[in-house]
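First residue of the sequence shown: 1, per my numbering; consecutive thereafter.
Cβ atoms here follow ideal geometry from the backbone N, Cα and C, with glycine treated the same way.
Source: prediction; values computed, not measured.
Since the structure comes first, as structure tokens, the remarks are kept for the end.
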Amino acid sequence: IAMTEPGAGSDLQGMKTIARPAGNGWCLSGSKTYITNGQMADLVIVAARTTEEGGAKGISLFLVEAGDEGFSRGRNLDKIGLHGNDTSELFFDEVKLPADRLLGQENAGFIMLMNQLPQERLSIAVQAQGSAQRAFDEAVKFTRDRKAFGRTVIEFQNTRFTLAEMATQLQVGWAHLDWAIARHVAGKLTPAGASAAKLWHSEMQFALCDSALQLHGGAGYMNEYPIARLWRDA
Numbered sequence: 001i002a003m004t005e006p007g008a009g010s011d012l013q014g015m016k017t018i019a020r021p022a023g024n025g026w027c028l029s030g031s032k033t034y035i036t037n038g039q040m041a042d043l044v045i046v047a048a049r050t051t052e053e054g055g056a057k058g059i060s061l062f063l064v065e066a067g068d069e070g071f072s073r074g075r076n077l078d079k080i081g082l083h084g085n086d087t088s089e090l091f092f093d094e095v096k097l098p099a100d101r102l103l104g105q106e107n108a109g110f111i112m113l114m115n116q117l118p119q120e121r122l123s124i125a126v127q128a129q130g131s132a133q134r135a136f137d138e139a140v141k142f143t144r145d146r147k148a149f150g151r152t153v154i155e156f157q158n159t160r161f162t163l164a165e166m167a168t169q170l171q172v173g174w175a176h177l178d179w180a181i182a183r184h185v186a187g188k189l190t191p192a193g194a195s196a197a198k199l200w201h202s203e204m205q206f207a208l209c210d211s212a213l214q215l216h217g218g219a220g221y222m223n224e225y226p227i228a229r230l231w232r233d234a
């Protein structure tokens, strides 16, 4: 899905990409950036203005296929982390679209996007929790194998305190995710509740990845160890 532009992220009033009526369809012009999977996608849902009215009221969604004339992909952007998924620039140079490429109702794109935000935010919370669990598992494995001063690192009291605190955070996190997922399945997870889950789990993710990296000592800064990637991605 392509929303973000060079001059407009969450600020929809700054969106420049526009779709104008053309014959029996539409003519789409503009550009997008920071689009996840933009290099690989065969189908892109593009948010564009369909009225001159500012804000969210004039946003519509359009389906653009890989082979459409005027649609091109720019750079695969070089991110700090998350190297496993591409993040791309997309360009739309007067792309001619038939009428049935309008997704849903005209000028209702913003409402459609907002309706899906709880699930998107919850999915990020799930990813964060899984990453934090993996970081903890890597820390336990490393400290059990690593020896210092004649014993394994996990035998030191400070290591045990740190791991115990991490395990506690994970226990709370898994319980909260169960609660949030159950509410989402029941159609009761609010945008505010989903936002809270995204906030808490992503903050916890980085805190645990950072603690796990510290327990690796200097090895934590070496890319041959999984914790380096986990920390960077977080």
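Under 6 Å Cβ to Cβ from residue i, same chain only, skipping five residues before and after it: list those, please.
i	result
Ser177	Contrary to the premise, residue 177 reads as Leu rather than Ser in this sequence. Counting only Cβ-Cβ distances below 6 Å, and skipping sequence neighbours, we find Gln129.
Asp93	Gly70
Ala219	Tyr225
With a Cβ-Cβ cutoff of 8 Å, do residue i and residue j count as a contact?
i	j	result
Leu170	Phe136	yes
Met3	Ala41	no
Glu89	Thr33	yes
Leu97	Gly25	yes
Gly15	Ala132	Reading the sequence as shown, one finds Met at residue 15 and not Gly. No, these two residues do not count as a Cβ contact at 8 Å.
Arg121	Ala197	yes
Going by beta carbon distance, what residues of the same chain come within less than 8 Å of residue i, once the five residues before and after it are set aside?
i	result
Asn223	Arg229
Leu215	Ala139, Phe142, Thr143, Val153, Thr159, Thr162, Leu163
Lys57	Thr51, Asn107, Phe110
Gly99	It is worth fixing the name first, because residue 99 is Ala in this sequence and not Gly. Contacts found: Asn24, Gly25, Trp26.
Cα-Cα, which of the options is closest to residue i?
i	options	result
Ser31	Lys57, Ser72, Gly58, Ala56	Ser72
Val44	Ile59, Cys27, Ala66, Ser29	Ala66
Ala180	Arg20, Asn85, Gly217, His201	His201
Could you name the residues of the same chain whose beta carbon sits closer than 7 Å to that of residue i, not counting the 5 residues immediately before and after it, in chain order?
i	result
Leu63	Leu43, Ile45, Arg101, Leu103
| field | Secondary structure, alpha helix (DSSP H): runs of 4+ residues fully inside the stretch 23-65 | value | none
| said: For the stretch 71-88 against the stretch 117-127, do three or more pairs of beta-carbon atoms, one drawn from each stretch, fall closer than 8 Å, so that the two count as touching? | reply: no
| Should the stretch 102-118 be regarded as contacting the stretch 187-200, the criterion being three or more beta carbon pairs within less than 8 Å? | yes
| query | Counting pairs of beta carbons, one from the stretch 4-14 and one from the stretch 78-87, are three or more of them closer than 8 Å? | reply | no
| Do the stretch 220-233 and the stretch 153-172 make contact, defined as three or more Cβ pairs closer than 8 Å? | no
| task | Can you check the stretch 71-140 for any beta strand (DSSP E) of at least 3 residues that lies completely inside it and give the ranges in chain order? | result | 71-76, 87-98
| query | At what residue ranges does the stretch 146-204 contain a whole run of the beta strand (DSSP E), taking only runs of 3 or more? | reply | none
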